[in-house]
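Quick note: the sequence shown uses our numbering, first residue 1137, plus one each step.
Heads up, the thing below is written out as structure tokens.
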Amino acid sequence: MKTNRNKISKGWMFSVLAVSFFLALPWAFSKAATTTDQTELGLSGEERLFIEKINDYRKDNGLKALKVSISLSEASEMMAKDMKANPSLINHDHKDSAGRYPADRAKLFDYTDSVGENLAAGYKTAEKVFEAWKNSTEHRNNMLSPDYEVLGIDRKVSDTDYKWYWVSMFGTESKKSDLVTDERYYSPFRTLRVSVTDSLGKRLPGAKIYITNRGGSKIASANASTMGRKTFKVEKRDEYYVKAGTAGYTFYTKRVKPGSKDSLSVKVWLEKE
């Protein structure tokens, strides 16, 4: 979507690198019986991480967690594929290339209750798209609406245009036959809480932290906070390598074997150069 960038109407979140849309009004339909196919729903690591982040966010705001809807995830995938194939047609009305609105797409997968939708393009990770939506009033209203009970999510990757396309759909009705079991999207993640100090225990704010696998490929990275700490959500592995360093100190790598723990605190001590 490379044309008419300065003509985006006021009130829509937009930046040079990414564009996100929000459906301002929910749809409402009469209830009907559903016949959702119960095949397993494949969720990528980034999609599962987004589900965890939005539900943690809702719980922090006194709201119930959203269940994952198979039908809304399939409708989300339809739109994500359409955005990937037709980036120049992305629009604020949430219409796909066939002129269908979110409710039309949901109905194709037998979801006939009220829905809402967030769209985004250009955000590589779940953390980045979540923060973008959280910092936009309209998108945040969707994520924190007490009326919604279920969520659909899909992320598609392309070699061109915005590269990453996200669709999140929200529904007002939870049907047991349409839900993904919790363990399908919560179990893959582990929390690593990393703190970085010097050899005397003095915290080192802003230290660079890298989480890698045995082969050295980066899993995650970030700078430590002013308290010399950083928390990472990573997919479960048998072992991690936590590398840290900062100006005036030698980089140090610590091998971490978490065993069966889902949450782990890791301390890294650095020596002065």
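Using N, Cα and C, we set each Cβ at its ideal position, and we do this for glycine too.
Residue span of the beta strand (DSSP E) that contains residue i, given as start and end
{"i": "residue 1346", "result": "1344-1348"}
{"i": "residue 1329", "result": "1325-1334"}
{"i": "residue 1373", "result": "That residue, residue 1373, is in no beta strand (DSSP E); it is neither H nor E in DSSP."}
{"i": "residue 1181", "result": "Taken as a continuous stretch (DSSP letters only), residue 1181 belongs to no beta strand (DSSP E), being part of the alpha helix (DSSP H) at 1181-1196."}
{"i": "residue 1359", "result": "1354-1359"}
{"i": "residue 1305", "result": "1300-1307"}
{"i": "residue 1389", "result": "1388-1392"}
{"i": "residue 1406", "result": "1399-1406"}
{"i": "residue 1292", "result": "1286-1293"}
Close-in-space but distant-in-sequence residues of the same chain around residue i (CB under 6 angstroms, 5 per side omitted)
{"i": "residue 1214", "result": "1241"}
{"i": "residue 1365", "result": "1331"}
{"i": "residue 1315", "result": "1203"}
{"i": "residue 1278", "result": "1252, 1254 and 1306"}
{"i": "residue 1374", "result": "none"}
{"i": "residue 1143", "result": "Bear in mind that a pLDDT of 23 at residue 1143, under 50, signals an unreliable position, so the model cannot answer this."}
{"i": "residue 1362", "result": "1341"}
Pairwise C-alpha distance: residue j and residue i
{"i": "residue 1187", "j": "residue 1306", "result": "12 angstroms"}
{"i": "residue 1273", "j": "residue 1281", "result": "12 angstroms"}
{"i": "residue 1138", "j": "residue 1228", "result": "Because residue 1138 carries a pLDDT of 28, less than 50, the predicted location of this residue cannot be relied on, and no value is offered for it."}
{"i": "residue 1225", "j": "residue 1302", "result": "15 angstroms"}
{"i": "residue 1353", "j": "residue 1251", "result": "40 angstroms"}
{"i": "residue 1295", "j": "residue 1218", "result": "15 angstroms"}
{"i": "residue 1223", "j": "residue 1304", "result": "17 angstroms"}
{"i": "residue 1291", "j": "residue 1385", "result": "39 angstroms"}
{"i": "residue 1389", "j": "residue 1341", "result": "18 angstroms"}
{"i": "residue 1398", "j": "residue 1350", "result": "19 angstroms"}
{"i": "residue 1206", "j": "residue 1247", "result": "10 angstroms"}
{"i": "residue 1169", "j": "residue 1261", "result": "Residue placement at residue 1169 is poorly supported in this model, since its pLDDT is 31, which falls under 50; the coordinates still yield a value, given next. So the alpha carbons of these two residues sit roughly 36 angstroms apart."}
{"i": "residue 1403", "j": "residue 1284", "result": "40 angstroms"}
{"i": "residue 1411", "j": "residue 1345", "result": "Past the boundaries of the shown model lies residue 1411; the chain is included only from 1137 to 1409, so the question cannot be answered."}
{"i": "residue 1348", "j": "residue 1372", "result": "12 angstroms"}
{"i": "residue 1381", "j": "residue 1406", "result": "7 angstroms"}
{"i": "residue 1245", "j": "residue 1212", "result": "10 angstroms"}
{"i": "residue 1189", "j": "residue 1337", "result": "32 angstroms"}
{"i": "residue 1172", "j": "residue 1235", "result": "Because residue 1172 sits at a pLDDT of 33, beneath the cut-off of 50, its placement in the model cannot be relied upon, and the following sentence gives the value as read from the coordinates. Computed Cα separation, rounded: 24 angstroms."}
{"i": "residue 1313", "j": "residue 1396", "result": "31 angstroms"}
{"i": "residue 1415", "j": "residue 1387", "result": "Here the chain has residues from 1137 to 1409 only, and residue 1415 is not among them."}
{"i": "residue 1409", "j": "residue 1317", "result": "51 angstroms"}
{"i": "residue 1271", "j": "residue 1376", "result": "32 angstroms"}
{"i": "residue 1239", "j": "residue 1311", "result": "17 angstroms"}
Proximity test, residue i beta-carbon vs the ligand PLP heavy atom, cut-off 7 angstroms
{"i": "residue 1223", "result": "The model depicted lacks the ligand PLP and carries no ligand whatsoever."}
Alpha helix (DSSP H) segment containing residue i, residue limits
{"i": "residue 1266", "result": "1262-1270"}
{"i": "residue 1339", "result": "Here residue 1339 belongs to no alpha helix (DSSP H), and DSSP marks it neither H nor E."}
{"i": "residue 1279", "result": "1273-1279"}
Residue i and residue j closer than 8 angstroms at C-beta
{"i": "residue 1378", "j": "residue 1356", "result": "no"}
{"i": "residue 1383", "j": "residue 1359", "result": "no"}
{"i": "residue 1289", "j": "residue 1183", "result": "yes"}
{"i": "residue 1265", "j": "residue 1208", "result": "no"}
7 angstroms Cβ shell around residue i - same chain, five flanking residues per side excluded
{"i": "residue 1201", "result": "1191, 1194 and 1195"}
{"i": "residue 1220", "result": "1292, 1294 and 1301"}
{"i": "residue 1237", "result": "1230 and 1231"}
{"i": "residue 1198", "result": "none"}
{"i": "residue 1185", "result": "1262, 1325 and 1369"}
Other residues of its chain near residue i: CB distance less than 8 angstroms, five sequence neighbours each side excluded
{"i": "residue 1400", "result": "1326, 1327, 1328, 1329, 1392 and 1394"}
{"i": "residue 1367", "result": "1327, 1328, 1329 and 1330"}
{"i": "residue 1233", "result": "1218, 1221, 1222 and 1225"}
{"i": "residue 1420", "result": "The chain is shown from 1137 up to 1409; residue 1420 falls before or after that span and cannot be answered."}
Of all the beta strand (DSSP E) runs that stay within the bounds of the stretch 1215-1257, which reach a length of 3 or more residues?
Listed in chain order, they are 1251-1257.
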